[in-house]
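Undergrad:
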Amino acid sequence: ETGVTQTPRHLVMGMTNKKSLKCEQHLGHNAMYWYKQSAKKPLELMFVYSLEERVENNSVPSRFSPECPNSSHLFLHLHTLQPEDSALYLCASSQDRGWQPQHFGDGTRLSIL
Amino acid sequence: QKEVEQNSGPLSVPEGAIASLNCTYSDRGSQSFFWYRQYSGKSPELIMSIYSNGDKEDGRFTAQLNKASQYVSLLIRDSQPSDSATYLCAFEGFQKLVFGTGTRLLVSP
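Chains as they are written, first to last, in the working numbering: chain A, 744 to 856; chain X, 87 to 195.
1) Compute the Euclidean distance between the alpha carbons of Gly140 (chain X) and Ser155 (chain X), then round it to the nearest angstrom.
2) Just to confirm, does Leu161 (chain X) get its C-beta within under 6 Å of one of the non-hydrogen atoms of the ligand GDP?
3) Are there 16 or more other CB atoms within 10 angstroms of the CB of Leu191 (chain X), so buried, or fewer, so exposed?
4) For the segment 171 to 191 of chain X, which residues have a CB atom closer than 9 Å to at least one CB atom of chain A, in sequence order?
5) Counting only C-beta atoms, is Leu160 (chain X) closer than 7 Å to chain A at any point?
6) For a contact meaning CB atoms closer than 8 Å, what does Leu90 (chain X) contact in chain A?
7) Does Gln825 (chain A) come within less than 7 Å of chain X when only Cβ atoms are used?
8) Can you give me the Cβ contacts of Val158 (chain X) inside the same chain, cut-off strictly under 6 Å, excluding the 5 residues immediately before and after it?
9) Using a C-beta to C-beta distance shorter than 9 Å, which residues of chain X count as neighbours of Leu739 (chain A)?
10) I'd like to know whether the C-beta of Gly848 (chain A) is nearer than 7 Å to at least one C-beta of chain X.
11) Taking the straight line between their C-alpha atoms, what separation do you get for Ser126 (chain X) and Ser98 (chain X)?
12) Taking only beta-carbon positions, decide if Leu151 (chain X) is within less than 7 Å of chain A.
13) Here's a check: name, in chain order, each residue in its chain whose Cβ is nearer than 6 Å to the Cβ of Arg852 (chain A), leaving out the five neighbours to either side.
14) Could you tell me which of A:Leu821, A:Ala835, A:Gly757 sits nearest to His730 (chain A), measuring between CA atoms?
15) Select from the segment 108 to 130 of chain X all residues with a C-beta closer than 9 Å to any C-beta belonging to chain A, and list them in chain order.
16) With 7 Å as the threshold, decide whether the Cβ of Leu754 (chain A) is near any Cβ in chain X.
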C-alpha cells in the first residue's frame with residue numbers, strides 16, 4: 744500500500760480518444776504532482792498542485808490538462824495524444840510543495856496507438 | 087550536459103558485497119540530494135536524503151555527498167537479491183526535483 748492510488752494501471756488509446764487518469768491520496772498531503780517516465784529518460788515533472796492550486800506547469804503540451812478538485816484527488820485529462828506520449832505517468836504527493844515527492848503511486852502505463 | 091549523470095548499468099554484485107552507486111549533478115547551488123529505489127514495474131520509493139557534505143548512514147545504506155566535486159553516492163552494504171532495482175539520484179535544483187535516469191543494480195545469490 745503506497746498511500747497514493749492511481750487508476751487505471753494500464754491504458755491503451757487511439758490518438759483521437761479522450762481519457763482521464765486518476766490519482767487519489769489519503770495521506771493528508773498538501774502537494775500533488777504528475778510525472779512522466781519514458782524509457783531511458785529521467786522522470787519529467789509535468790504539473791505541481793499545492794493546496795489545490797496549480798503552481799507549476801512545466802511546458803507541457805495543452806493536450807495534457809490537469810485538474811485538482813480537492814487536496815486528495817488529482818486528474819490528468821488526455822486528448823489527441825501522440826505516439827511519443829506513450830509512457831508511464833506517475834502521481835506523487837508530499838506534505839507541502841517545498842518538500843520532495845515522498846509517496847508515488849504505481850503509475851498508469853499509457854500506450855498510444 | 088545532462089543535469090544528473092548516472093551510469094545506467096547494470097551494476098552486478100554478488101550477495102553480501104558492497105554496491106556503490108554514483109551520481110554527478112550540474113547545479114552548484116543545490117543543497118538537497120535524494121536517492122530513490124524503483125523496482126521493476128513499481129513506483130519510485132524515497133530511501134535516502136542528504137543535505138551536508140560527508141556521510142549519512144541508515145541501516146545498510148550510506149549516502150555520501152561532496153559538493154565541491156558535485157558528486158553524490160549511495161553505498162549498500164551486505165547487498166541482498168532484494169536490493170536488485172533501479173536507483174534514481176535526484177537533486178533540488180531549478181525550483182524542482184531533477185532526476186537522473188537511474189542505475190540498475192543486480193545482486194546475484
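Using N, Cα and C, we set each Cβ at its ideal position, and we do this for glycine too.
TA: Working from what's here:
1) 12 Å
2) Of the ligands one can find in the structure shown there are none, so the ligand GDP has no counterpart to examine.
3) buried
4) Leu174, Ala176, Glu178, Gln181, Lys182, Leu183, Val184, Phe185, Gly186, Thr187, Gly188
5) no
6) Note that residue 90 (chain X) is Val in the sequence shown, not Leu. What Val90 (chain X) touches in chain A: Pro785.
7) no
8) Cys109, Phe119, Leu151
9) Lying before the first or after the last residue shown, residue 739 (chain A) is absent from chain A, which here runs from 744 to 856.
10) yes
11) 16 Å
12) no
13) His753, Leu831
14) Residue coverage of chain A in this structure runs from 744 to 856, which leaves residue 730 (chain A) outside it and unanswerable.
15) Ser118, Phe120, Tyr122, Gln124, Gly127, Lys128, Ser129, Pro130
16) no
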